[in-house]
Each structure stands twice: as structure tokens, then as C-alpha cells.
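Quick note on our numbering: the sequence shown kicks off at 32 and runs consecutively.
Every residue, glycine too, gets a C-beta built ideally from N, C-alpha and C.
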Amino acid sequence: MMAKSLALRLCIVIGIGLISFVSTALAAKRIEAAKENLSEVQQKIESLKKELDTSQDAHKDASDALKESETAISQAQKKLHQINQKQKENSTTLENLKKQTLEVNTQLADQQQKLSQQLNQQYLHGNQTYTQLILQSKDPNTIARDAKYYSYIAKARSELIEKMQGNLHKIQSLNEETAEKLQEVEQLKAKQMAEKKALELQKQEKAKIVKSLSQKIAMQRNEISRLKRDEKNLSSLVERLAKLAAKPKAKKPALASSRKNQTKQTHDNESNTIAKNEQLPEESASGISFASLKGKLRLPVRGELINRFGSSRADTGVNWKGLFIKAPEGNEVKSIASGRVVFADWMRGFGNLIIVDHGDGYMSLYGNNQALLKGVGEIVNSGDTIASVGNSGGNETNGLYYELRKNSVPLDPLSWSSLR
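Here's what the structure looks like:
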């Protein structure tokens with residue numbers, strides 16, 4: 032009986048040992064399989080990282096090309112702006128030339144009428160010459176009077192003819208100048224069309240480069256994020272299996288409530304708040320301190336506000352330090368107040384950027400412009416056009432990125448501005 036009991040105990044011990052051995056062996060196999068899978072994932076991640084680095088290098092090169100392209104676009108747009116200004120000046124000049132020509136023609140018609148009257152008077156007097164009148168007249172007083180009259184007539188006629196000749200030359204000169212201006216206007220129009228065509232080609236090329244690289248990098252980043260999550264899950268599994276293999280007899284830990292482990296997510300719906308601005312800055316008196324303008328400023332461009340200052344950006348999670356105002360391409364960007372331009376160049380992430388110093392540490396920043404129409408050192412007044420709306424810096428949407436700062440600290444532009 033005792034022998035049977037010992038045998039039974041021995042079988043139980045052996046059975047438990049075998050179960051433990053089998054469990055440990057199975058766990059070890061699962062660990063090895065998981066480690067191999069983890070190693071493959073890590074290798075794939077490294078491979079993708081190398082591809083991403085290559086793509087990012089290409090994106091950097093493309094960004095440099097984008098800088099050159101958008102700088103060229105800015106210059107081309109500036110030329111178009113100058114051509115338009117020149118055309119306006121020429122139109123004004125042509126109007127003045129037309130007025131002058133009309134005035135001279137009126138004067139000439141008046142002079143022709145006076146000359147006709149003089150010739151008519153001479154005809155009524157018998158069309159006699161001064162010598163004939165002297166020979167025919169016997170009275171010295173009559174001779175003196177007639178001589179004086181003929182002298183006056185001759186002088187007046189001579190002056191009139193001289194004025195008429197001058198006006199005829201003036202009309203000819205005005206006609207020639209008008210023809211030259213008309214030709215210049217036509218040449219400027221042709222040049223403007225060529226500049227516009229070149230501008231559109233550059234913009235199309237830029238858009239293709241940015242879109243292609245952005246899509247490729249986004250896909251690679253998404254793939255890496257997914258694989259990193261897989262790696263984390265596998266690492267966690269390997270860790271749990273290793274603990275299980277080390278303690279085969281330990282009880283399984285109770286599962287925690289999934290509700291307690293869930294991370295509560297919140298979304299800031301206010302970041303999607305949309306407002307519209309219909310007003311532009313107006314000319315104001317110089318010498319006014321910028322601080323006194325709080326609540327009275329106007330936004331630099333008409334358009335739709337698609338974010339709120341301090342709200343979280345959907346693409347990166349970083350908080351907005353300014354406003355993005357969606358507006359049509361080419362719209363005028365106005366300076367919000369008087370100041371001096373301290374920066375006007377292309378900057379990564381902001382495209383064609385212009386910064387105006389308003390004194391006392393206050394600065395306004397205008398980014399993503401199509402063209403910069405003012406240069407460093409130029410003095411600007413409130414309401415002056417300083418740039419035109421675009422999508423430089425890699426943006427897909429046309430609009431203006433606008434910031435307001437005090438001693439480099441971002442301020443809420445809406446708390447300084449009035450939309451009414």
C-alpha cells in the first residue's frame with residue numbers, strides 16, 4: 032500500500048515536471064519565434080528609416096529648389112506689379128497728351144479764324160499794299176495814320192503766323208509722343224503676358240515637386256509609425272513570455288479593466304472655428320505708439336480665418352502662434368501699422384516672409400506670400416501694400432500666415448484687432 036502511494040506520488044512529480052518542462056519548452060519556442068519576428072520588424076524599420084532619410088534629403092533638395100522657384104515667382108510678380116504701375120503711368124500720360132493736343136488744336140482754330148478776319152479786312156480795303164497807299168494819298172496825316180495801321184496789321188499777322196507755326200510743330204510733337212507711348216504700352220502688355228506665362232509654369236513645376244515628395248514622405252512616416260507600434264507590441268509579448276517561462280507555476284495576473292487602461296482623448300473643436308475678415312488697414316497718423324492700437328488694428332488681408340491662436344494644429348499637434356487667413360492668390364497684403372521692414376526673404380516653413388518692426392519690441396510677421404513688394408530698410412505706413420497672397424513655403428492652400436509679437440513672444444492677433 033505504501034509502495035503504491037510512493038509510486039503514485041512519483042508519477043505526479045514526474046507528470047508535473049514533464050508539464051513544466053513542456054510548458055517551458057513551448058514558451059521558449061514562442062520566445063524564439065517572437066524574437067525572430069521582432070528582429071525582422073526591426074530590420075524593416077531600419078530599412079525604411081534609410082529610405083526616409085533619402086527621401087528627406089531629396090525633400091531638402093526640393094525645398095531648396097522650391098526656395099529658388101518661389102523667390103523667382105516673387106521677383107516675377109514684383110515685375111508684373113511694376114509693369115502694371117508703368118501702364119497706369121502711361122495711361123495717365125496718354126490722357127494728358129490728348130488734353131494738350133485738344134487745347135493746341137483749339138488755339139490753332141482760333142488763330143486761323145483771326146488770320147482769316149485780317150485777310151478779310153485787307154480785302155475790304157481793296158487789297159492795296161502799303162506803298163500803293165502812300166503814292167495815292169496826298170494828305171500827310173492820312174499817310175501817317177495808314178502807315179501806323181499797316182504796321183500794326185503786319186506785326187499782328189506775323190505774330191499770329193508764328194504762333195500757328197509753333198502750335199503746328201507742337202501738335203506734330205504731341206502726336207509723335209502719343210504714338211511712342213502707345214507702342215510702349217503694347218510692348219509692356221506683351222511683356223506682361225510673357226511674365227505671367229513663365230510664372231504659371233514655375234508654379235506648376237513647384238506644385239508637382241512638393242506634392243510628390245510630401246506624399247512619399249507621409250507614406251513612409253505612416254509605415255514607420257505602424258511598424259514601431261508592432262515592435263512595441265512584440266517587445267511587450269517577449270517580456271511577458273520570458274516572465275511566464277521563469278515562473279511556470281505562477282498564477283496568471285487578473286486582467287485589468289479595459290476601461291481603466293483607456294486613454295481619454297479630447298479634441299479642441301474651437302481650433303476649427305471659422306471667422307471672416309472684410310476690412311483692411313487704413314492710413315493712420317504717424318507717431319502713434321503701437322501699444323495704443325490694441326483692439327483697433329485691422330487684419331492685413333481680406334479672407335477666412337481657419338484657425339485660432341493657441342489652438343492645436345491638426346497635422347503636428349503644435350499650437351498655432353498666429354493666424355492663417357485663407358485668401359485668393361494675388362490679393363494685396365497690407366501693413367497693419369507704420370514701421371520699418373527688417374526682413375524680406377524666403378524662409379523654410381514660411382515661404383516668402385516679410386517682417387515689419389513697429390517699435391518698442393512690437394513686430395508683425397507675414398508669411399506664405401506670393402511676392403514681397405517691399406525690401407529691408409523701407410519705411411511703410413499703415414495700409415501700404417507690402418506683399419501679395421500666395422502659397423509659398425510648400426502650402427497647398429493660398430492664404431497669409433500672420434503673427435504679432437512683443438519682444439519675440441507671440442501675441443493673439445485677434446485680441447489686438449477688430450473684424451467689424
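First and last residue of the beta strand (DSSP E) that includes residue i?
i: cysteine 377; result: Residue identity differs from the one stated: residue 377 is tryptophan in this sequence, not cysteine. Counting along the chain, the beta strand (DSSP E) containing tryptophan 377 begins and ends at 370 to 378.
i: proline 444; result: No beta strand (DSSP E) holds proline 444; the alpha helix (DSSP H) holding it covers 444 to 447.
i: serine 405; result: In the sequence as displayed, the identity of residue 405 is lysine instead of serine. Looking at the DSSP string, lysine 405 is not in any beta strand (DSSP E), and its letter there is neither H nor E.
i: leucine 354; result: 354 to 357
i: alanine 418; result: 416 to 420
i: glycine 334; result: 334 to 336
If residue i sits next to residue j, beta carbons under 8 Å apart, how far is it from one beta carbon to the other, in whole angstroms?
i: lysine 222; j: serine 100; result: With a Cβ gap of about 21 Å, lysine 222 and serine 100 do not count as contacting.
i: isoleucine 385; j: lysine 357; result: With 8 Å as the limit, isoleucine 385 and lysine 357 do not qualify as a contact, their Cβ atoms being about 19 Å apart.
i: glutamine 401; j: glycine 421; result: 3 Å
i: tyrosine 433; j: leucine 330; result: 7 Å
i: leucine 219; j: lysine 119; result: No, leucine 219 and lysine 119 are not in contact; Cβ-Cβ is about 11 Å, not under 8 Å.
i: glycine 382; j: glycine 424; result: 3 Å
i: isoleucine 417; j: lysine 365; result: 7 Å
i: serine 449; j: glycine 326; result: 7 Å
i: leucine 328; j: alanine 375; result: Actually they do not touch by this definition, with Cβ atoms about 21 Å apart.
i: leucine 97; j: valine 241; result: 6 Å
i: tryptophan 351; j: arginine 333; result: Actually they are not in contact, since the Cβ atoms of tryptophan 351 and arginine 333 sit about 20 Å apart, beyond 8 Å.
i: valine 135; j: lysine 186; result: Valine 135 to lysine 186, Cβ: 23 Å. No contact.
i: glutamate 335; j: serine 419; result: That belief does not hold up - the Cβ atoms of glutamate 335 and serine 419 are roughly 17 Å apart, past 8 Å.
So for residue i, helix, strand or coil by DSSP?
i: glycine 252; result: According to the sequence displayed, residue 252 carries arginine and not glycine. Residue state, collapsed to three classes: helix.
i: valine 241; result: helix
i: arginine 329; result: coil
i: tyrosine 433; result: strand
i: methionine 394; result: strand
i: glutamate 427; result: coil
i: isoleucine 319; result: coil
i: serine 343; result: strand
i: leucine 384; result: strand
i: asparagine 400; result: strand
i: asparagine 198; result: helix
i: glutamate 363; result: strand
i: asparagine 121; result: helix
i: asparagine 350; result: strand
i: threonine 304; result: Here the model assigns threonine 304 a pLDDT of 42, short of 50, so the residue's position is not dependable, and the following value carries that caveat. DSSP places threonine 304 in coil when its eight states are reduced to three.
i: lysine 280; result: With a pLDDT of only 48 at lysine 280, under the threshold of 50, the placement of this residue in the model should not be trusted; the figure read from the coordinates follows. Lysine 280 falls in the coil class under three-state DSSP.
What does a CB cutoff of less than 8 Å around residue i pick up in its chain, not counting 5 residues either side in sequence?
i: aspartate 299; result: Its pLDDT being 37, under 50, aspartate 299 is placed unreliably by the model, and the measurement read from it follows with that caveat. Excluding sequence neighbours, aspartate 299 sits near Ser342 and Ser343.
i: threonine 209; result: Leu125, Leu128, Lys129 and Thr132
i: serine 320; result: Gly390 and Asp391
i: leucine 230; result: Ile104, Ala107, Gln108 and Leu111
i: lysine 227; result: Leu111
i: alanine 322; result: Asp391 and Tyr393
i: arginine 371; result: Val387, Asp388, Gly408, Glu409, Ile410 and Val411
Shorter than 7 Å, the distance from the beta carbon of residue i to the closest heavy atom of the ligand COA, or not?
i: aspartate 376; result: As presented, the structure is devoid of all ligands, the ligand COA included, so that no description of it is given.
Kindly list the residues whose CB is nearer than 6 Å to the CB of residue i, restricted to its own chain and excluding five residues on each side of it in sequence; keep chain order.
i: glycine 430; result: Phe355, Ile356, Lys357 and Ala358
i: lysine 212; result: Asn121, Thr124 and Leu125
i: glycine 408; result: none
i: glutamine 296; result: Residue placement at glutamine 296 cannot be trusted, given a pLDDT of 30 that sits under 50; what the coordinates show is reported in the next sentence. Nothing listed; no residue qualifies.
i: serine 395; result: Ile367, Val387 and Leu435
i: threonine 102; result: Trp377
i: leucine 205; result: Leu128, Gln131 and Thr132
i: serine 243; result: none
i: serine 147; result: none
i: lysine 234; result: none
i: alanine 249; result: none
With a threshold of 7 Å on Cβ separation, who are the neighbours of residue i within its own chain once the five nearest residues in sequence on each side are excluded?
i: leucine 442; result: Leu435 and Arg436
i: glutamine 138; result: Asn198
i: glutamate 215; result: Asn121
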